[in-house]
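Chains as they are written, first to last, in the numbering used here: chain S, 1454 to 1682; chain E, 20 to 425. Only one structure is covered here, and it is reproduced in the block below.
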Amino acid sequence: MTAVISSTDVCRFFGDEEATLVKAVDHVSIEIERGEFTAIVGPSGSGKTTLLHLIGGLDNPTSGAVHLSGTNIAEMTGTALSDFRRDHIGFIFQAYNLIPVFSAEENIEYIMLLQGVDAAERKRRVAAMLAQVGLEGLGDRRPNKLSGGQQQRVAIARAMVSHPEIILADEPTANLDSKTGIALLDLMKELNEKHNMTFVFSTHDEKIMKRASRLIHMLDGKIDLDESK
Amino acid sequence: MLLFKLAFRNIFRQRRRSLLTAMSLIGGYVLSVFSFSMSEGSYNSAIAFFTQDHTGHIQIHKDDYLQRPKIHKTIEQPDELSALLDANERIASHTLRVFAPSLAYSETDNTPAQVIGVDLARERTTSTLAAKVSAGSYISPELDGEGYYSAMIGAGIANNLNIGLGDELILISQGADGSIANDIYIVGAIVGDRSSGDRSTVYLPLAAAQEFLSMYDAVHEASILLRDDRLAREEAAALQALLPDLSVDPWQVVEATFYQSMQTDKQGNLVFLGIIIFIVFVGVLNTVLMSVLERTREFGVLKAIGSRPAKLAMMITVETMLLSSISVLAGIVLSVPLILWFTYTGFALPEPMDVGGVLMSHFTGELSLYVFAVPMILILSFAILISIPAGIRAALNSPTEAMRSH
Chain S
1454 MTAVISSTDV CRFFGDEEAT LVKAVDHVSI EIERGEFTAI VGPSGSGKTT LLHLIGGLDN
1514 PTSGAVHLSG TNIAEMTGTA LSDFRRDHIG FIFQAYNLIP VFSAEENIEY IMLLQGVDAA
1574 ERKRRVAAML AQVGLEGLGD RRPNKLSGGQ QQRVAIARAM VSHPEIILAD EPTANLDSKT
1634 GIALLDLMKE LNEKHNMTFV FSTHDEKIMK RASRLIHMLD GKIDLDESK
Chain E
20 MLLFKLAFRN IFRQRRRSLL TAMSLIGGYV LSVFSFSMSE GSYNSAIAFF TQDHTGHIQI
80 HKDDYLQRPK IHKTIEQPDE LSALLDANER IASHTLRVFA PSLAYSETDN TPAQVIGVDL
140 ARERTTSTLA AKVSAGSYIS PELDGEGYYS AMIGAGIANN LNIGLGDELI LISQGADGSI
200 ANDIYIVGAI VGDRSSGDRS TVYLPLAAAQ EFLSMYDAVH EASILLRDDR LAREEAAALQ
260 ALLPDLSVDP WQVVEATFYQ SMQTDKQGNL VFLGIIIFIV FVGVLNTVLM SVLERTREFG
320 VLKAIGSRPA KLAMMITVET MLLSSISVLA GIVLSVPLIL WFTYTGFALP EPMDVGGVLM
380 SHFTGELSLY VFAVPMILIL SFAILISIPA GIRAALNSPT EAMRSH
């Protein structure tokens, strides 16, 4: 097995003075292999979302290294980091975070436009992704005309359409009802198995924990327990 | 394309706010075009007035006659010069003149007068002298039956000397050869009224003036009207190359005082225009910053999924440019009929107004690409300028912090 994500002694502290210093992630070292369906779990404030952001290059660590597919993204900034995220990482957010003025199709298409994929290929891939997430016929709808579950399906399609190596999902089921959440998790699990994509969740949702192949428990910014099923 | 689609839809996200912003931009544009058209129209009228009244588009003199006029600084072969100018297709017409200060007498009074000898046939097509005849008729260059030349006199001279049509006019001056010049003329026409610029002028046929001043066939000035007045500088330079022994000057040099005051006034208008547009753009800047602030989360998401910071900044610029361009287009649609009316109808002023030394009694605008383009360029440049701080704000936002905002 190959480690696609590797963090070495990563810290993310907020604040300058000792009295107010918040150690959101405190000397965390983990390795995640290709194709894993991993959940980072823990109570609120445990540092799971911050760790996910560090892995995704959305935030820079105070110290330590984060390697994604062999590249230390902790040393990257600006355009290089944006390009790396665009080509290697797919994001799914708790609040879906779709572009409200784009239709579902355009939301999925946008990232391929950034990658310079030609129009015909973009159209083909959008249609395929909509079919894969069960939204055929709804592509021309804007987010405000879709239910929460449908919006999250669009977000999954957007995250996957550029064929990233890693999908990072921050509380993806938190805003969904139980039934919709289960359906989406089953979809992500199916995509994980079908495409051998690496999924990393930050969650305290039991449904995700049940389906995850590995659970990384965090407490006060440190890894409390790392268990593989 | 998707970037334009995104920008277009973002503009229509807050319809009321975009509409208000567009209205202020349209108002600023129409006001700027109108003010520009008015100033350009006024100056064009003034330029046309004095170039056609007397100055012409180009003048030719000997040496520094223009700065230091002396009777002996003459163009010696005016026929050769006329032949050269007649052969030039870019020249519509030209005339030859001589000048001399003199004293004018009637039987009872005297008054100072500026004598101008003019080629009567050529003057008719080069200046508005014929149209300014207010009494009598445009004189003939020939001697009358009693052996006198006719003269056209300014209304001021007619009043000061208390003479009219058919009366005798005596002129005394100094000849080019140093002799005392004096002769009698018959008043054939009165020019203008007592407020006219040439109220103290006596116009004589060219041959009569040359004889009076002992100048033989020499002249002091050739005044030229071009077919295209915009080419005055270029054509003056071309003629200067052909006439190295003479001084060839465009109207901008001949009427340097007017031209400089016009240029200063035009720069003042540009500053005023810039201030109008700046005030409009203070409101636009507020709109753009509000729009960026409201979409902080969205910019965070776009950055998170791989949009480059520069792309986000460009998106803000495209949005601002798009709104400004739509407003300018609407402004053009609204201002074209206004400027058409202003150019071809205009309005009369209750009191004449001094524009760079020329009295204007009627205001008309100018319809040209320049009038529409300068405010457009200013508005679009301001649009780019104000989108920069907003774009930088969007580009530099940390995605994690941006996505935490609401």
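Quick reminder that beta carbons are idealized off the backbone N, C-alpha and C, glycines included. Because the structure is a prediction, the values reported are computed rather than measured.
Closer than 7 Å to chain S by CB, residue i
i                         : result
proline 356 of chain E    : no
leucine 38 of chain E     : no
isoleucine 396 of chain E : no
proline 418 of chain E    : yes
leucine 415 of chain E    : no
arginine 34 of chain E    : no
lysine 320 of chain E     : Looking at the sequence itself, residue 320 of chain E is valine, so the reference to lysine does not match. Chain S contact via Cβ: present.
glycine 375 of chain E    : Legend: pLDDT at glycine 375 of chain E = 46, less than 50; position of this residue unreliable, value from coordinates given subsequently. Not one chain S Cβ lies under 7 Å of glycine 375 of chain E.
glycine 325 of chain E    : yes
arginine 412 of chain E   : no
asparagine 29 of chain E  : yes
leucine 21 of chain E     : yes
serine 380 of chain E     : no
Local Cβ density within 10 Å of residue i, reported as buried at 16 or more and exposed below that
i                         : result
glutamate 253 of chain E  : exposed
valine 1475 of chain S    : exposed
glutamate 1574 of chain S : exposed
arginine 423 of chain E   : exposed
glycine 375 of chain E    : Bear in mind that the predicted position of glycine 375 of chain E carries a pLDDT of just 46, short of 50, making it unreliable; the figure below should be weighed with that in mind. The residue is buried, with at least 16 neighbouring Cβ atoms inside 10 Å.
glycine 287 of chain E    : exposed
tyrosine 235 of chain E   : exposed
arginine 1539 of chain S  : buried
Closest residue to residue i among the options (Cα-Cα distance)
i                            : options                                       : result
tyrosine 167 of chain E      : E:Ile158, E:Gly173 and E:Tyr48                : E:Ile158
phenylalanine 300 of chain E : E:Ala170, E:Phe401 and E:Pro394               : E:Phe401
leucine 115 of chain E       : E:Pro88, E:Ala102 and E:Pro97                 : E:Pro97
arginine 141 of chain E      : E:Gln86, E:Ala119 and E:His113                : E:His113
glycine 194 of chain E       : E:Val134, E:Met171 and E:Met333               : E:Val134
asparagine 181 of chain E    : E:Ser242, E:Asp128, E:Asp196 and E:Asn416     : E:Asp128
glycine 1488 of chain S      : S:Ile1526, S:Gly1569, S:Ala1665 and S:Asn1560 : S:Ala1665
aspartate 1630 of chain S    : S:Glu1646, S:Gln1605 and S:Arg1667            : S:Gln1605
CB contact below 7 Å: residue i versus chain E
i                             : result
arginine 1538 of chain S      : yes
histidine 1506 of chain S     : yes
asparagine 1597 of chain S    : no
leucine 1640 of chain S       : no
aspartate 1512 of chain S     : yes
phenylalanine 1467 of chain S : no
alanine 1567 of chain S       : Correcting the residue type first, residue 1567 of chain S is leucine in the shown sequence and not alanine. Yes, its Cβ sits closer than 7 Å to a Cβ of chain E.
isoleucine 1493 of chain S    : no
valine 1463 of chain S        : no
phenylalanine 1490 of chain S : no
phenylalanine 1654 of chain S : no
asparagine 1628 of chain S    : no
serine 1535 of chain S        : yes
asparagine 1560 of chain S    : no
methionine 1532 of chain S    : Rather than methionine, the amino acid found at residue 1532 of chain S in this sequence is threonine. Closer than 7 Å to some Cβ of chain E, the Cβ of threonine 1532 of chain S qualifies, so yes.
valine 1570 of chain S        : no
isoleucine 1564 of chain S    : yes
asparagine 1550 of chain S    : yes
Identified DSSP bridge partners for residue i
i                          : result
methionine 1671 of chain S : S:Ile1676
proline 224 of chain E     : E:Val137
aspartate 128 of chain E   : DSSP output for aspartate 128 of chain E lists no bridge partner at all.
isoleucine 1542 of chain S : S:Ile1619
asparagine 1525 of chain S : S:His1520
glutamate 1484 of chain S  : S:Ser1459
asparagine 178 of chain E  : According to DSSP, asparagine 178 of chain E bridges with nothing at all.
methionine 171 of chain E  : E:Ala208 and E:Tyr222
asparagine 201 of chain E  : E:Ile191
isoleucine 351 of chain E  : Beta-bridge pairing links isoleucine 351 of chain E to no other residue.
valine 1494 of chain S     : S:Thr1656 and S:His1670
Start and end residues, alpha helix (DSSP H) containing residue i
i                         : result
glutamate 1643 of chain S : 1631-1648
aspartate 268 of chain E  : No alpha helix (DSSP H) contains aspartate 268 of chain E, which is instead part of the beta strand (DSSP E) from 265-269.
alanine 149 of chain E    : No alpha helix (DSSP H) holds alanine 149 of chain E; DSSP gives it neither H nor E.
glutamate 254 of chain E  : 251-261
Continuous beta strand (DSSP E) stretch holding residue i: start and end
i                         : result
tyrosine 124 of chain E   : 110-124
glutamine 193 of chain E  : 187-193
methionine 289 of chain E : Per the sequence shown, the amino acid found at residue 289 of chain E is leucine instead of methionine. That residue, leucine 289 of chain E, is in no beta strand (DSSP E); its alpha helix (DSSP H) goes 275-313.
leucine 245 of chain E    : 240-245
isoleucine 77 of chain E  : 77-81
Check: residue i C-beta below 6 Å from any heavy atom of the ligand ATP
i                      : result
alanine 150 of chain E : Because no ligand of any kind appears in the structure shown, any question about the ligand ATP cannot be addressed here.
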